[in-house]
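> Just passing along the structure, written as structure tokens.
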Amino acid sequence: MKKILLTGLFAALIVAAFAQKPYKVVFYNFENLFDTIRNPEIYDEEFTPEGPKRWNSTKYNKKLNNLSRVLFDIAAMDKDYPVVIGCSEIENRNVMEDVASTPKLAPAQYRIVHYDSPDARGVDVGFFYRSDVFKLEGSAPIRFTMEDMPDFRTRDIVTMWGTIEGEPFYFMVAHWPSRLGGKEASSPKRERAAEIMRRAADSVLAINPATKVVMMGDFNDDATDKSIVEVLGARGEIKKLQPGDYYNPYIKVLKAGIGTLAYRDQWNLFDNIVVSANLATGSTGELKLQRVPGTKFYGSVFRAPYLLQKEGQYKGYPLRTFVGNNFQGGFSDHFPVFIYIGK
Numbered sequence: 005m006k007k008i009l010l011t012g013l014f015a016a017l018i019v020a021a022f023a024q025k026p027y028k029v030v031f032y033n034f035e036n037l038f039d040t041i042r043n044p045e046i047y048d049e050e051f052t053p054e055g056p057k058r059w060n061s062t063k064y065n066k067k068l069n070n071l072s073r074v075l076f077d078i079a080a081m082d083k084d085y086p087v088v089i090g091c092s093e094i095e096n097r098n099v100m101e102d103v104a105s106t107p108k109l110a111p112a113q114y115r116i117v118h119y120d121s122p123d124a125r126g127v128d129v130g131f132f133y134r135s136d137v138f139k140l141e142g143s144a145p146i147r148f149t150m151e152d153m154p155d156f157r158t159r160d161i162v163t164m165w166g167t168i169e170g171e172p173f174y175f176m177v178a179h180w181p182s183r184l185g186g187k188e189a190s191s192p193k194r195e196r197a198a199e200i201m202r203r204a205a206d207s208v209l210a211i212n213p214a215t216k217v218v219m220m221g222d223f224n225d226d227a228t229d230k231s232i233v234e235v236l237g238a239r240g241e242i243k244k245l246q247p248g249d250y251y252n253p254y255i256k257v258l259k260a261g262i263g264t265l266a267y268r269d270q271w272n273l274f275d276n277i278v279v280s281a282n283l284a285t286g287s288t289g290e291l292k293l294q295r296v297p298g299t300k301f302y303g304s305v306f307r308a309p310y311l312l313q314k315e316g317q318y319k320g321y322p323l324r325t326f327v328g329n330n331f332q333g334g335f336s337d338h339f340p341v342f343i344y345i346g347k
């Protein structure tokens with residue numbers, strides 16, 4: 005009996021030793037990550053040494069180290085760097101390279117997918133990815149267009165595709181148009197962005213239904229708003245998903261009172277990660293969405309205490325880089341979000 009028990013224990017230890025950790029996928033709005041160099045083709049004057057924010061190398065390096073601290077601490081939760089990180093509010097590829105080369109993130113050897121978009125302020129979206137896990141096959145930007153507003157310029161939707169453990173994945177990252185002018189007046193722009201993303205995802209699945217789609221970004225709408233629920237078609241219940249549907253774990257997160265940014269003493273959840281039904285249910289392949297350890301949710305918001313404003317008018321809000329032109333030395337006005345994918 006003793007020998008049997010020892011054999012069973014040894015087998016359990018072997019299984020534990022070779023058990024594969026699930027992969028983390030992260031989205032983080034970097035909040036105005038500009039370099040200090042004036043670019044005459046965009047409106048970046050405020051983020052220069054001569055501008056109203058007196059943006060300089062000291063402040064820039066503080067910002068880089070703050071962002072890398074957050075991403076490193078997300079990695080440290082289970083001692084594994086995220087396989088994909090989508091980000092928004094970046095000025096160019098150079099600032100992404102500076103983030104990736106910080107001491108805390110350099111060991112991950114992140115590679116970058118980035119395209120310059122036509123946004124007037126010059127802010128873009130992009131991806132960091134671990135080439136040891138995600139085998140990139142291609143990437144492309146998708147331009148935002150709106151028939152009745154032909155001159156409107158905003159961020160591109162950046163896409164990349166490839167495989168994880170031989171299974172096909174299609175990633176999309178976006179920063180939808182803002183609520184400038186009011187939520188209702190500006191909602192057609194975000195609904196159009198949702199339509200563009202949905203059509204792109206549907207076309208990929210039509211070619212290969214086994215592809216696992218991951219759509220992420222700062223959507224400037226809550227997880228329960230029309231643009232996400234109706235236009236993007238993101239559902240909040242895995243059990244009710246049909247083939248071709250999409251699942252948004254952040255619907256339940258928002259309903260639980262958890263947000264990613266605060267405005268006028270109210271929490272919103274604009275930062276979302278939406279996945280295709282086959283990834284949520286595991287209906288194709290072996291990789292599927294996993295519950296976040298220690299929670300009842302399939303998506304999580306990272307809100308470490310140091311990310312919060314400790315005093316003043318905005319106590320309890322995300323500790324941001326600036327309030328007006330006053331340097332706070334913080335992180336971002338958004339919290340990052342993440343999901344797990346595994347077997």
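Counting in the numbering used here, the sequence shown runs from 5 upward without gaps.
Backbone N, C-alpha and C fix where the C-beta goes; we use that ideal spot for every residue, glycine too.
Remember, predicted model here, so these are calculated numbers, not experimental data.
Between R73 and D152, what straight-line distance do the alpha-carbon atoms span, to the nearest angstrom?
Roughly 43 Å separates the two Cα atoms.
> Just to confirm my understanding: we take G334, look at its own chain, exclude 5 residues before and 5 after, and list those with CB closer than 6 Å. What are they?
Closer than 6 Å at Cβ, skipping near neighbours: L323, R324 and T325.
> Can you list, in chain order, the stretches of the beta strand (DSSP E) that have 3 or more residues and sit fully within the segment 216-272?
Within the segment 216-272, the complete beta strand (DSSP E) runs of at least 3 residues are 216-222, 265-267 and 270-272.
> Using C-beta distances below 7 Å, list every residue in its chain close to L307, excluding the 5 sequence neighbours before and after it, in chain order.
First, the residue type needs correcting, since residue 307 is Arg and not Leu in the sequence shown. F339.
> With burial defined as no fewer than 16 other Cβ atoms inside 10 Å of the residue's Cβ, what is the status of K193: buried or exposed?
So K193 counts as buried.
> Suppose the cutoff is 6 Å on Cβ atoms and the five residues either side in sequence are ignored; what does the same chain contact list for S143 look like?
For S143, where only same-chain residues beyond five positions count, the Cβ hits under 6 Å are V117 and M164.
> Which of the three DSSP states is assigned to M164 in this structure?
Three-state result, M164: strand.
> By alpha-carbon positions, which one of T149, T167, L273 and G166 ends up nearest to R159?
For the residues T149, T167, L273 and G166, the minimum Cα distance to R159 belongs to T149.
> If you drop the 5 nearest sequence neighbours on each side, which residues of the same chain put their C-beta closer than 8 Å to that of K6?
Reliability of the predicted coordinates at K6 is poor, the pLDDT of 46 falling under 50, and the value obtained from them is presented with this limitation in mind. Here the set comprises nothing.
> Going by DSSP in three states, K45 sits in which element: helix, strand or coil?
Residue 45 is actually Glu in this sequence, not Lys. Residue state, collapsed to three classes: coil.
> Mind checking whether L293 and V278 have CB atoms under 7 Å apart?
Result no, Cβ atoms of L293 and V278 do not sit closer than 7 Å.
> Kindly indicate which three-state DSSP category M5 falls into: helix, strand or coil?
The predicted position of M5 is uncertain, since its pLDDT is 48 and thus under 50; no value can be drawn from it.
> What residues are listed by DSSP as bridge partners for R115?
In DSSP, R115 forms a bridge with Y133.
> For G90, which beta-bridge partners are listed by DSSP?
For G90, which the question treats as bridged, DSSP gives the partners F31 and F131.
> Quick one: Cα of N65 to Cα of R147, how far?
Between N65 and R147, the C-alpha separation is close to 31 Å.
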